[in-house]
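Visitor: Just so you know, the UniProt record's numbering puts 8 at position 8 of the sequence shown, and the rest follows in order with no gaps.
Quick reminder that beta carbons are idealized off the backbone N, C-alpha and C, glycines included.
Values in this document were obtained by computation on a predicted structure and should not be read as measured data.
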Amino acid sequence: KLDDASKMAILTMIRDRKEVLFGIFTSELDNASKKQAWVDVLTKAQSIGACNSSRTWEFVRDSMWGNWKSRTLVRNIT
């Protein structure tokens, strides 16, 4: 299980880059920029042992972030 400090490091990085990660596409913000931002988050996650080197940036976006967000929303609703 991932310790809270590691999870917070990843979540802080996502928060700091939220404009790129979750922003709407513009002439300045394209798919390559979003992908690179998620790759940076993946690199951070791998460096602190949150996921192994076989994982992709899609795993971080869809599984790690998606699950954490869903669990937080459920906790805040109930």
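Measure the C-alpha to C-alpha separation of Val74 and Trp68 and round it to an integer number of angstroms.
Guide: 10 Å
Visitor: Report buried or exposed for Met64, applying the criterion of at least 16 other Cβ atoms within 10 angstroms of its Cβ.
Guide: buried
Visitor: What is the residue span of the alpha helix (DSSP H) that Asn31 lies within?
Guide: Asn31 to Ser47
Visitor: Quick one: what's got a C-beta closer than 7 Å to Ala37's C-beta in the same chain, skipping five residues either side?
Guide: By the criterion of a C-beta distance shorter than 7 Å, Ala37 is surrounded in its chain by Arg17, Val20 and Leu21, once the five residues flanking it on both sides are discounted.
Visitor: Closest to Leu2 by CA distance: which of Leu29, Glu58 and Ser47 is it?
Guide: Ser47
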